[in-house]
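Novice: For the record, the sequence lines run as chains A and B. FYI, the numbering for the first sequence is 1 to 387, going by the working numbering. FYI, the numbering for the second sequence is 1001 to 1356, going by the working numbering. This is the structure I have questions about; it appears just below.
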Amino acid sequence: MRDVAIIGVGQTAVGEHWDVSLRHLALQAVQAGMADAGVTRADALYVGNMLSGELAGQEHLGALIADFAGLRGIEAFKVEAACGSGAAALRMGYVTVAGGLADVVVVVGVEKMTDASSADATMALALAADGDYEAAQGVSFVAINALLMRRYMYEHGYSHQDFAAFAVNAHRNAQHNPHAMFHYPVTAEQFARAPMVCDPVNLLDSSPICDGAAVVVLAPAEVARTLSPAPVRIAASAVGTDTLAVHDRRDLLVLEGAIVSTHRAYKQAGIGPQDVDLFELHDAFSIMAALSLEAAGFATRGQGLRLALEGEIGIEGRVPVATMGGLKARGHPAGATGVYQAVEVVQQLRGLAGANQVPGARIGVAQNIGGSGATVVTHVLERMVDW
Amino acid sequence: MPVSDVELLKPDRPVGIVGYGAYVPRYRLPASEVDRIWMGGQGGTPVKEKSVPGPDEDVVTMSIEAARNALARAGHVDTRHIRAVWVGSESHPYAVKPTSTIVAEAIGVTPYTQAADWEFACKAATEALQAAIGFTGSGMARYVLAIGMDTAQARPGDALEYTASAGGAAYLVGPAEEALAVFEASLSYVTDTPDFWRRAYQRYPSHGGRFTGEPAYFKHITGAAHGLLEALGRKPSDYAYAVFHQPNVKFPQTVAKGLGFTPEQIKPGLLANEIGNTYAGSSLIGLAAVLDLARPGERIFLGSYGSGAGSDAISLYVTDAILERQQRALATRDYIARRVPIDYATYVRFTRKLRT
Chain A
1 MRDVAIIGVG
11 QTAVGEHWDV
21 SLRHLALQAV
31 QAGMADAGVT
41 RADALYVGNM
51 LSGELAGQEH
61 LGALIADFAG
71 LRGIEAFKVE
81 AACGSGAAAL
91 RMGYVTVAGG
101 LADVVVVVGV
111 EKMTDASSAD
121 ATMALALAAD
131 GDYEAAQGVS
141 FVAINALLMR
151 RYMYEHGYSH
161 QDFAAFAVNA
171 HRNAQHNPHA
181 MFHYPVTAEQ
191 FARAPMVCDP
201 VNLLDSSPIC
211 DGAAVVVLAP
221 AEVARTLSPA
231 PVRIAASAVG
241 TDTLAVHDRR
251 DLLVLEGAIV
261 STHRAYKQAG
271 IGPQDVDLFE
281 LHDAFSIMAA
291 LSLEAAGFAT
301 RGQGLRLALE
311 GEIGIEGRVP
321 VATMGGLKAR
331 GHPAGATGVY
341 QAVEVVQQLR
351 GLAGANQVPG
361 ARIGVAQNIG
371 GSGATVVTHV
381 LERMVDW
Chain B
1001 MPVSDVELLK
1011 PDRPVGIVGY
1021 GAYVPRYRLP
1031 ASEVDRIWMG
1041 GQGGTPVKEK
1051 SVPGPDEDVV
1061 TMSIEAARNA
1071 LARAGHVDTR
1081 HIRAVWVGSE
1091 SHPYAVKPTS
1101 TIVAEAIGVT
1111 PYTQAADWEF
1121 ACKAATEALQ
1131 AAIGFTGSGM
1141 ARYVLAIGMD
1151 TAQARPGDAL
1161 EYTASAGGAA
1171 YLVGPAEEAL
1181 AVFEASLSYV
1191 TDTPDFWRRA
1201 YQRYPSHGGR
1211 FTGEPAYFKH
1221 ITGAAHGLLE
1231 ALGRKPSDYA
1241 YAVFHQPNVK
1251 FPQTVAKGLG
1261 FTPEQIKPGL
1271 LANEIGNTYA
1281 GSSLIGLAAV
1291 LDLARPGERI
1301 FLGSYGSGAG
1311 SDAISLYVTD
1321 AILERQQRAL
1331 ATRDYIARRV
1341 PIDYATYVRF
1351 TRKLRT
């Protein structure tokens, strides 16, 4: 296997792109990413996307986007793993370059959700749950997260208000990310007053439905330095899975898929949680942030939220999370999110994160979750040049 | 096409509003009632309350009320010279059979007249008003009656239910020398933007949520208003009043601010907090409220909005005739003050929400 590096990144702003179609949204990110990488051709294009069939009436995105990006003829297809689709596509690109099957691979995550009503988007997102035993019973994703959050509060003795720390951190960081959806801070008081969505999950516990596209361009690490002034090495790429339905899990409050995925990634990279300078976690709902911190080894069972309460998740904290706003405030364009996470870790490792720069960041982890924890894709990224 | 090349809509000969009249049903449903039923009293409310039609009221009866007020203000108009009766609404009682013929009959305009119902969501009636300017301004007709009236529908529990209300206004358009306010020019701005719609056989409209804001309401009103102001060489401060379509309180306030109008300029015509969104009647009843207190020489800016989508921007100036005419019929505020609050259950009964 060859070492693989990210030689370029690109992204559109996350938001309501009512005047841009799915293919053009992807195209904007692909052009930005390829320009950043300084390449005009690629051997393969992998598209991370979850909902184009349901919400945009379009599947077959690989050939479509390759054609629109001026890459007609290359290997191209869509990778789907619910909200983990973006990172799954990145893993596909990683495997291809590492295996020597391609040299330059473009990975684009794209999602267009806001052309549909929020009811239709909620229905579409529920496709990631167990169709027969969850979605068909009317359990939406926010409902699943509400169950987990309520159980977490009950078992570990937290109040709902304790979760405010995640939203406050995410919104604080998003203010300095020009690509983020929300550019305003929120306070713990605003969190306390936020409208209820599905008790106990309120509006500020929840990531927004939105549109966006992000790109990373991959190349063998051995040539990356000649192609890019600031390449970033993919030190590990790993996937773990778990049951789709939460009721089939041994412990509701343990993301076993995330434990497996993180463990494999740490092992491949030869690191442990103590070596990680920032952690772009999957804060689709604030309960997911707490559970992810625990599964990734930054806290023991029930102590993930404690990290947030003690201020350890900020830029200067022990485990900076959502450093560019996270899913909560940068936005969560479902199948594109995993690529946004990778782009943001690259920004950090290049020293280009501006006001949100994690000082001296050398190793960053991006973890993208599909469903309520059934697919967990973890990437460890490592700085290749000093700055 | 640059705005500077856009030609304004202007008639060959000057015409204006000869008479106007408002109508609002007496019943009011406080928004807190909708909130109580659907949100457990925990939600926000976009307006204080909305007007509700009585069980014996519809767009026909309400249009006749407003038309009679308009004719009363116009004074001694020979109804044989009213050569068109046009009613813009989203709530015509019949799918096929005009509202306008019933109205025309009731006010004694039949038989030698045009009569038609207009549809363009909430701007059906300003479209009719512009056509009336053309009809009279070309000399084809001495007078045309254009009415905007609605008993607006909203699905129970939908965000629209807080605001969808009943009311509107009628305008008799005729020669400038008889007018209480003269039309200077108008401009329409229209695109295919599906923000709000109701298909045939559906009882309630659908809407695109947040999509009804920036790319719909704000873009179109701003587009029409900017174009008209620029082509006329005017600025917002040249106007004493501005009236915009008012689906709630916040939208017209925001669009006015963006265009450079002050809160004082829009306050007299902003009725949504007290009567809700009268859909096709909305901007025109706001204009009626402004005409009730306008003074000779003042200018009025009108910006309607219709989903689907478009906006008509219209510039008027008030003549000396206004002072006498204001007194000839009930003022818009008189109707707003005539208020009987009802609860949600009564609203359900009056608007036939229950199907048995």
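Ideal placement from N, C-alpha and C gives every residue a C-beta, glycine not left out. Just so you know, these numbers come straight off a predicted model, no measurement behind them.
(1) Could you list the residues in the region 4-18 of chain A with a C-beta less than 8 Å from some C-beta on chain B, going in chain order?
(2) For chain B, is any of its Cβ atoms less than 9 Å away from the one on Met196 of chain A?
(3) Could you give the first and the last residue of the continuous beta strand (DSSP E) run that contains Val385 of chain A?
(4) By the criterion of Cβ-Cβ separation under 7 Å, what are the contact partners of Phe1211 of chain B in chain A?
(5) DSSP three-state label for Lys1250 of chain B, please.
(6) Among B:Ala1185, B:Leu1160, B:Glu1214, which has the Cα closest to the Cα of Thr1193 of chain B?
(7) Please state the DSSP three-state secondary structure of Arg1360 of chain B.
(8) Can you list, in chain order, the residues of its chain whose CB lies under 8 Å from that of Val142 of chain A, leaving out five sequence neighbours each side?
(9) Give the residues of chain A in contact with Pro1215 of chain B, contact being defined as C-beta atoms less than 8 Å apart.
(10) Following the continuous alpha helix (DSSP H) through Ser1100 of chain B, name the residue where it begins and the one where it ends.
(11) Kindly indicate if chain A contains any beta-carbon less than 9 Å away from that of Gln1202 of chain B.
(12) To the nearest angstrom, how far is it from the Cα of Gly360 of chain A to the Cα of Glu382 of chain A?
(13) Which class does Trp1197 of chain B belong to by DSSP, given the choice of helix, strand or coil?
(14) So, does the region 263-270 of chain A touch the region 238-251 of chain A, judging by three or more C-beta pairs under 8 Å?
(15) So Ser207 of chain A contacts chain B; which residues on that side make the cut at Cβ distance below 9 Å?
(16) For the alpha helix (DSSP H) holding Val339 of chain A, just list the boundary residues, first then last.
(17) What does a CB cutoff of less than 7 Å around Gly314 of chain A pick up in its chain, not counting 5 residues either side in sequence?
(18) By Cβ distance below 6 Å, which residues in the same chain neighbour Val39 of chain A in space, the five residues on each side in sequence not counted?
(19) Gly53 of chain A: which of A:Ala37, A:Ala116, A:Ala29 sits nearest, CA to CA?
(20) In chain B, which residues lie less than 8 Å from Ser118 of chain A when you measure between Cβ atoms?
(21) Need the endpoints of the alpha helix (DSSP H) that Asp1334 of chain B sits in, please.
(22) What does a CB cutoff of less than 8 Å around Lys1353 of chain B pick up in its chain, not counting 5 residues either side in sequence?
(23) For Gly93 of chain A, which option in A:Val107, A:Gly100, A:Ser85, A:Gly84 has the closest C-alpha, if you only look at C-alpha atoms?
(24) So Ser1051 of chain B is in the beta strand (DSSP E); what residue range does that whole segment cover?
(25) Which word fits Trp1086 of chain B, buried or exposed, when buried means at least 16 other C-beta atoms lie within 10 angstroms of its C-beta?
(26) Buried or exposed: which applies to Tyr154 of chain A, given that a residue is buried once 16 or more other Cβ atoms fall within 10 Å of its Cβ?
(27) Around the C-beta of Lys1267 of chain B, are 16 or more other C-beta atoms found within 10 angstroms, so that it is buried, or is it exposed?
(28) Please list, in chain order, all residues of the same chain as Lys1010 of chain B whose beta carbon is under 6 Å from its beta carbon, the five residues on each side excluded.
(29) Run through DSSP, which three-state label would Ser1315 of chain B get?
(30) Could you check which residue in A:Val377, A:Ser372, A:Ala353 has the C-alpha nearest to that of Asp130 of chain A?
Specialist: Concretely, from the data shown:
(1) Hits within the stretch, in order: Glu16, Trp18.
(2) yes
(3) Looking at the DSSP string, Val385 of chain A is not in any beta strand (DSSP E), and its letter there is neither H nor E.
(4) Trp18
(5) It is helical.
(6) B:Glu1214
(7) The requested residue 1360 of chain B does not occur in the structure, where chain B is confined to residues 1001 to 1356.
(8) Thr122, Val197, Cys198, Val201, Ser206, Phe285
(9) Trp18, Asp19
(10) 1099-1106
(11) no
(12) Going by the C-alpha atoms only, they are around 12 Å apart.
(13) In the structure shown, Trp1197 of chain B sits in a strand (DSSP, three-state: E or B).
(14) yes
(15) Near Ser207 of chain A there are no residues of chain B at all, since even the closest Cβ is about 16 Å away, more than 9 Å.
(16) 337-349
(17) Asn169, Pro320
(18) So the qualifying residues of the chain are Val104.
(19) Of A:Ala37, A:Ala116, A:Ala29, the residue nearest in Cα terms is A:Ala116.
(20) Gly1209
(21) 1332-1337
(22) A distance below 8 Å between beta-carbons, with the five flanking residues on each side excluded, links Lys1353 of chain B to the following residues of its chain, in chain order: Pro1156, Tyr1347.
(23) Looking from the CA of Gly93 of chain A, the closest CA among A:Val107, A:Gly100, A:Ser85, A:Gly84 belongs to A:Val107.
(24) 1049-1052 is the span of the beta strand (DSSP E), which, as asked, contains Ser1051 of chain B.
(25) Its Cβ being crowded by 16 or more others within 10 Å, Trp1086 of chain B is buried.
(26) Taking a 10 Å sphere around the C-beta of Tyr154 of chain A, we find fewer than 16 other C-beta atoms and assign the residue as exposed.
(27) Per the 10 Å Cβ criterion, exposed.
(28) Ala1185
(29) strand
(30) Nearest option by C-alpha distance: A:Ser372.
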